[in-house]
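To keep things clear, I will list the structure first and then write my remarks on it.
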Amino acid sequence: MANIFISSTYKDLKDYRERVSNVIRKMGHIDIAMEYYGAEDKRPLDKCLEDVAACDLYIGIFAWRYGYIPPGHEKSITELEYRKARECNKHCLIFLLKDDAPWPMNLVEKENIIRIEALRKEISNNHLPAFFSSIDELSGCVAEAIYKNVPSSVTLSSNQELNTKAYYNAILKQYKTLDLNALTPPEKADFMEIQLHSVFVEQDVRENPPPVEIPKELLEKLIKDEKLKEDDIPEGLTLEDIKKAKEAYFGKPALAVLEVITNPKHQYIAILGDPGSGKSTLSRYLILSLITKEDDRLNKAFDGYLPLLIELRDYAAECIRNKCDTFIEYLDFLGKTKGLGLTKKALDNYLKNDGKAIVIFDGLDEIFDPDQRENIKKQMVGLIIDYPNARIIVTSRMVGYTRNILANAGFSHYKLQDFRKPQIDAFIDKWYSIALINNPDEARARKKRINRSIDDSPSINQLAGNPLLLTIMAIINKHQELPRERWKLYEHASGVLIHHWDWERRIKEWNIKIEYVSKDDKEELLRRIAYLMQSAPKGLAGNYIHADTLQAEFEKYFIDRYQRNPADAKLAAKVLIEQLRERNFILCRFGSNLYGFIHRTFLEYFCAWAFVWKFNMKHEIDIEYLKSIFNEHWEDESWHEVIRLICGMIDEKFAGKLIDHLIALPSKYTELIDAKIFDKLWYESDAGRVEPLNIDLAIKCMGELKNLELIKNTSSNLLEKTCEWIVYNMDYIAPFKSEPNLILSAASVGKRWPGREKLKDWIPKFAKRFEKFSDRRWSHSFFIFRGSEYLGKFIGSIGSGDESIRESIEMLLKRNNPSLRYLALRTLESGWHDDPDTLKLFQEHALNDSYESVRYGAITMLSRGWWRGDIETLEILKVCALRDKDFSVRKSAIQVISAAGSDYSQVLPFLGNLARSATEFKVRQIAVQQIGKMGGNNVDALELLKDRAVNDTYSGVRELAVSLLCEQWKDNPTVLSILRERVTREPNPTIREIIYKILAKKDAGNVF
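If you read the sequence shown in the working numbering, its first letter stands for residue 125, the second for the next number, and so on.
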């Protein structure tokens, strides 16, 4: 066995190089190619030359690219590798692309054509090259050349020590790049190469997961400690069952998975998880990290360990083929057939002689035969007995796993937890930073969009915790709009899950008389399940179906669809139901009699699709029937997602009719208007804020549509109804204490809203009506800090970019009513954030508005990222801080100025001047507080605080300065000196007590 170094340029010869690597491995040798270092031309030069020097044979493949020239060098890496081989007297096999071979012009490096021609000529003079014009021709030439030229002196015997380099090389090639083919819709495929290390996010685990299967929505309520209602708990489970499961599992802390794995007390660990929870990703990250030494925690904990990864599905298959009987024999088999460099004798010798190893068994659940699965567990126990120094990790799905054998052998059991929000954010940030590495602006936009989708859509939020489904979201979001087209996400995500139904294998095992079940069949069955659930007594709120009902529906389908007899249909239904539960992460089972969708999102999607299928494809229902469904369920929030998805999945003209129907429905809101009892409700606080649920739902449904221009009349009518509700809220109901759902829904539609130009005329009418009622109903500050925040978002998000609407908004700035002026500023911030004219208006009203709350609000808006780097704004804020008559305005200006302390050298002197010279002690106090935020490494800040701690005339300022010094500079000698002096001279006893405690800790109780 020889170590053979393959040298070539990267992009043009990638496929050729891969074929040569395969030839080398099939001949029993070890290939060392640039993929070993990373999938790019800019490989590490020192490492490349070191490997050339250590190899047994050099192979050079040359076409018409000269290659990457590393910084500080005049020659390409490819030429430097060749010259290193010559320098070290390596046996060189040279292969040149024929001069007349057809070759794409984009693979010819025209700017360096002279250099590559010169290098090819030199190589031809120094060696006897072989010429090729195709991949097949090259592979044949390489195989023949190796056979003839590899000296016997470099052939390694099977008795030699482990060749870990070959094994690590093979592992890196196989696992370092994520396989995204199965997750990417064919029409979206763009051949992304993303390395696992670059997007891996560590998950949490909990110990000893309970055996009770729980739907995700119920699990979320348990995690959030929400009070469970009787309706939340499916039949077959009791509240006591749920409480016991929660106490047994969630009473244990969530731990970082690598923290558990690196803990020495966990020599043997079983990592369990749901499908798509990241089990295999974790296994691959572990072995890649142990090979590349890129994770410090793993490197430290397993220094000197031999990492071994065994995919149990492949191992079981080779056992069935009689290629091996033990794990060691399997690794020996791979060494012989795939060039992994491992032999049975070398492995056994290493492990028995106190050799440290970490063995990762991935996918115990992939062994479908129960007897074989139990036998493999026993083999793991045998491995522990034979090699007691080995650390063992095994991964498996939860469903179908029995722990007795491994638990008795000392295995700890942990379950991977869903991603939390910080982990979701970290994954998204890493993903788009890599996937759109050449377009950072687009990457930022995609990150913002998917985060908004997760935050705004409970259905998407529920899926995002699963790493597999989150990855699918990231892929889908690169090409289409979420959450508006989220039904396409659900379609693809469910398609990925049901793709893995191993029907063909099961029909052989169970002798099922139905040879083929298509993807369409599987989707039809899921639609039927969801449709049955919505018609059950508890409807969609229940999310469960009786096992007998489910079995009967599946049997009926197989009898009708495949004309099979009842016995065959019964067996097929039984197997398929178990597949849904055990393999596909679609259903879970409660007790022995009930099934439900694990993710409520898929229940809602398949239920909506069932209606759309009957409407679009089967023509079994018409638009009037859909209206009747909306009539029956629009007030039930458990149906809202289904209603929205139906509108998004059918043609816009029909969706428009359904939205019109929603708008026309009577609601509690319209009843209150008709009864004229809003004045009474004014005194009942939150009871008075009645939102029109039908209008809110209609807006949400409209937001699902792709082409809103096709329902322009509907959307225009909807805008009028929304504005009407806003007027009544301003007239009769206390301004909103929290953001109304309707405002959130409208803002999500934004400037896509057809008919939005009506806002131009509505704004002055609203202003006139508002002025009539506002003075007698509430204070301006009350409206400014509640109502206008939300109303400004509504007008700004819809009107953004329309200049006629902006003109109407700016007219509000000229009105005497301060609430309307603030509303105008908030609206401009929402809809015209990046317009330089908006900044000018903020500056003007921060400085000169006659009402303090408007000045305060303008400064607050300036603080939200508007003015960084703008010296003019900084000077205006300084004037506000120094001269404004209202303390809250001055305080706000000081705080905004100090937030830019790291950007402007003049900020600290300005704050220092305020701290020393301001006549109001409250202003000095705020300045000292902001100085303290500049950190313990700022010498100027230290000097200012020392001065104020001694010299300020107000004890509150001195106390604050002393506290800040003690927090950040308690070990500074000059500070300690001042504190020792002040402990006796400070007239205020509270400050002396603070100083005494600090010094007592510092001097171990002896102040003097």
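Glycine included, each C-beta is placed from N, C-alpha and C at the ideal position. None of these values were measured; they are calculated from a predicted model.
- Here the alpha carbons of Gly-264 and Phe-256 stand approximately 9 Å from one another.
- Around the beta carbon of Leu-540, a 10 Å sphere encloses 16 or more other beta carbons of the protein chains shown; the residue is thus reported as buried.
- When the five nearest sequence neighbours on each side are left out, the beta carbons in the same chain lying within less than 7 Å of the beta carbon of Ser-1022 are those of Val-1031, Leu-1035, Gln-1054, Lys-1057, in order along the chain.
- Sequence-distant partners of Gly-400 (beyond 5 residues in either direction) whose C-beta falls short of 7 Å from its own C-beta, in its chain, are Asn-590, Pro-591, Leu-592, Leu-593, Phe-709.
- Unbroken beta strand (DSSP E) runs of no fewer than 3 residues, entirely contained in the region 386 to 455, are found at 392 to 397, 430 to 435, following chain order.
- Within the region 579 to 619, the alpha helix (DSSP H) runs of at least 4 residues that lie entirely inside it are, in chain order, 582 to 588, 591 to 601.
- The region 743 to 761 makes no contact with the region 666 to 684, as fewer than three CB pairs between them are under 8 Å.
- A straight line joining the alpha-carbon of Leu-466 with that of Gly-534 spans about 28 Å.
- Among the bridge pairs identified by DSSP, Phe-255 is matched with Leu-220.
- With respect to Gln-496, Thr-725 sits apart: the two C-beta atoms are not nearer than 7 Å.
- For a cut-off of 8 Å, the C-beta gap from Val-1013 to Ile-983 is around 7 Å, short enough to register as a contact.
- For Asp-684, the enclosing alpha helix (DSSP H) covers residues 671 to 686.
- Counting along the chain, the unbroken beta strand (DSSP E) around Arg-515 starts and ends at 515 to 521.
- The DSSP assignment places 747 to 757 as complete runs of the alpha helix (DSSP H) inside the region 733 to 770, in order along the chain (cut-off: 4 residues).
- In the three-state reduction of the DSSP assignment, His-785 falls in the helix class, which pools H, G and I.
- Judged by beta-carbon spacing, Ser-145 lies beyond the 7 Å limit of Thr-202, meaning their Cβ atoms are not closer than that value.
- Only residues of its own chain outside the window of five on either side were considered, and among them Ala-982, Met-985, Leu-986 have a CB closer than 6 Å to the CB of Phe-966, listed in chain order.
- In this structure, Val-323 sits away from Val-384, with a CB-CB distance that is not shorter than 7 Å.
- The straight-line gap separating the alpha-carbon atoms of Asn-575 and Pro-546 is approximately 11 Å.
- In the three-state DSSP reduction, Ser-536 falls in the strand class (E or B).
- Inclusion of Ala-254 and Phe-219 in the CB contact set at 7 Å is warranted, their separation being smaller than that value.
- In terms of Cα proximity to Leu-181, the closest of Pro-228, Asp-223, Asn-273 is Asn-273.
- A Cβ-Cβ separation of about 27 Å leaves His-153 out of contact with Gly-428 under the 8 Å criterion.
- By the CB criterion at 7 Å, Cys-448 and Phe-457 fall inside the cutoff.
- The beta carbon of Ala-970 sits closer than 7 Å to those of Arg-979, Ala-982, Ile-983, Leu-986, Ile-1000, Cys-1004, all from its chain and outside the five residues before and after it, given in chain order.
- Positions of the beta strand (DSSP E) runs, each at least 3 residues long and wholly inside the region 191 to 244, are given as 216 to 221 in order along the chain.
- Contact check between the region 1082 to 1089 and the region 1108 to 1125: three or more CB pairs, one atom from each, fall below 8 Å, which counts as touching.
- Residue pairing from DSSP places Ala-380 in a beta bridge opposite Asp-328.
- Judged by their CB atoms, Ala-440 and Ile-491 are nearer to each other than the 7 Å cut-off.
- Bounds of any beta strand (DSSP E) do not take in Gly-916; it lies within the alpha helix (DSSP H) bounded by 911 to 923.
- The three-state reading of DSSP puts Gly-874 in helix, counting H, G and I together.
- A residue is called buried when at least 16 other Cβ atoms come within 10 angstroms of its Cβ; Cys-212 does not meet this threshold and is exposed.
- Between the region 416 to 430 and the region 565 to 583, the count of C-beta pairs closer than 8 Å stays below three; the two stretches do not touch.
- With respect to Arg-445, Gly-487 sits apart: the two C-beta atoms are not nearer than 7 Å.
- Put simply, the backbone Cα of Thr-405 is about 8 Å away from that of Leu-320.
- Look at Asp-155 here: in three-state DSSP terms it is strand.
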